[in-house]
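**Q** Below is one structure. I have some questions about it.
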Amino acid sequence: MIEIAPSILSADFNRLGEQIAMVEGAGASLLHVDVMDGRFVPNITVGLPVVKAISRATRLPIDAHLMIVEPGRYAEQFVVAGAQMVSIHVEADQHVHRTLTAIRAAGAQAGVAINPATPLSALDEALKVADYVLLMSVNPGFGGQEFIPASLDKVRRLRKMIDERGFRARIEIDGGIDRDNVADVAGAGAEIIVSGSAIFGAPDPAVALRELREATVLWV
Ligand code: DX5
Ligand code: ZN
Numbered sequence: 031m032i033e034i035a036p037s038i039l040s041a042d043f044n045r046l047g048e049q050i051a052m053v054e055g056a057g058a059s060l061l062h063v064d065v066m067d068g069r070f071v072p073n074i075t076v077g078l079p080v081v082k083a084i085s086r087a088t089r090l091p092i093d094a095h096l097m098i099v100e101p102g103r104y105a106e107q108f109v110v111a112g113a114q115m116v117s118i119h120v121e122a123d124q125h126v127h128r129t130l131t132a133i134r135a136a137g138a139q140a141g142v143a144i145n146p147a148t149p150l151s152a153l154d155e156a157l158k159v160a161d162y163v164l165l166m167s168v169n170p171g172f173g174g175q176e177f178i179p180a181s182l183d184k185v186r187r188l189r190k191m192i193d194e195r196g197f198r199a200r201i202e203i204d205g206g207i208d209r210d211n212v213a214d215v216a217g218a219g220a221e222i223i224v225s226g227s228a229i230f231g232a233p234d235p236a237v238a239l240r241e242l243r244e245a246t247v248l249w250v
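Here you go:
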């Protein structure tokens, strides 16, 4: 099943509750929350208090994408704050196995995220303890960037790697997804599709979300 996860990074923070209710009503499956620390990525966004507030405002599961150094120091706290999915970057953690295991033990799904220039081989061992892989299709840090075309083949190769080795990890794709490429990434094997600016930057986010869903209907 394809799940569309609107990224609140491109939402209007002045009326965040309203915007979340809008995408919830329009059929979003998850809510993607980008946590940035100004160190792992050159931008600072939101943290634990915002995740906590959002979790009280929506029934949608929260998918926290931690773009922070040493994510092991905070990952469990994001679960306590209300995130049902927490992903950490393989480039940011020296103890990926430990952190993924701790996220699971805290009761959430554990995701391992990789940057565009990080090879899939970096996931080799982590796949055994990951519930999902978050493949970045832009360099993390900002919404509204252009999809890196080589990401499509990376999704296909990851799909093959997961299927051949009998793992159950789902593939999440994040960055530059819009109505023109959403069907391609779904066809390549992505199951969770993050979209920020294509939804919240549209005149009507609910319509934009439905268009993305309709474009992936073949893979539902
Ligand atoms: C980028 C973030 C993305 C971002 C996607 O670092 O991880 O989740 O919000 O936004 P769009 O869909 O605009 O590329
Ligand atoms: Zn993200």
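Just add 30 to wherever you are in the sequence shown, counting from 1, and you've got the working numbering.
Beta carbons: idealized from backbone N, C-alpha and C, even for Gly.
Kindly examine ligand 1 and report whether one of its heavy atoms sits closer than 7 Å to the Cβ of GLY141.
**A** no
**Q** Take MET66 as the anchor and find which of GLY173, ASP214, LEU239 has the nearest alpha-carbon.
**A** GLY173
**Q** So ASP161 packs on GLN139, CB below 8 Å; how close in whole Å?
**A** 4 Å
**Q** In the DSSP assignment, find the unbroken alpha helix (DSSP H) run with HIS125 in it and report its ends.
**A** HIS125 -> no alpha helix (DSSP H), and no H or E assigned at all.
**Q** Among MET31, VAL212, ALA56, GLY112, which has the Cα closest to the Cα of SER167?
**A** VAL212
**Q** With respect to 7 Å, is the separation between the Cβ of HIS95 and the closest non-hydrogen atom of ligand 2 below this value?
**A** yes
**Q** Between VAL53 and GLY226, what straight-line distance do the alpha-carbon atoms span, to the nearest angstrom?
**A** Cα to Cα, the separation comes out at about 11 Å.
**Q** Can you determine whether any heavy atom of ligand 2 sits closer than 7 Å to the C-beta of SER37, and answer yes or no?
**A** yes
**Q** Measuring only the C-alpha atoms, how far is GLN107 from ARG134?
**A** 12 Å
**Q** Return the chain-ordered list of same chain residues with a C-beta closer than 8 Å to the C-beta of ILE201, the five sequence neighbours on each side being excluded.
**A** TYR162, VAL163, LEU165, VAL185, LEU188, ARG189, ILE192, GLY219, ALA220, GLU221, ILE222
**Q** Flag this pair as yes or no: are the beta carbons of ALA136 and VAL109 separated by less than 8 Å?
**A** yes
**Q** Once DSSP output is grouped into helix, strand and coil, what is the label at ASP234?
**A** In the structure shown, ASP234 sits in coil (DSSP, three-state: anything other than H, G, I, E or B).
**Q** Using only CA atoms, which one of ALA58, ALA199, MET97 lies nearest to PRO72?
**A** MET97
**Q** Kindly indicate the opening and closing residues of the beta strand (DSSP E) around ASP64.
**A** 61 to 66
**Q** Assuming SER117 and VAL142 make a contact with CB atoms under 8 Å, what is their CB distance in whole Å?
**A** Cβ-Cβ separation between SER117 and VAL142: approximately 7 Å, consistent with a contact (criterion under 8 Å).
**Q** Could you tell me if ARG243 is buried or exposed, where buried requires 16 or more neighbouring beta carbons within 10 angstroms of its beta carbon?
**A** buried
**Q** Can you tell me whether LEU239 is buried or exposed? The criterion is at least 16 other CB atoms within 10 Å of its CB, across all chains shown.
**A** Per the 10 Å Cβ criterion, buried.
**Q** From the DSSP secondary-structure annotation, give me the bridge partner or partners of TYR162.
**A** BP columns for TYR162 point to GLY141, ARG200.
**Q** Is it the case that the Cβ atoms of ILE32 and VAL63 are separated by a distance below 8 Å?
**A** no
**Q** With 16 as the cutoff for other CB atoms within 10 Å, does ASP123 come out buried or exposed?
**A** buried
**Q** In the structure shown, what three-state DSSP assignment does GLU176 receive?
**A** coil
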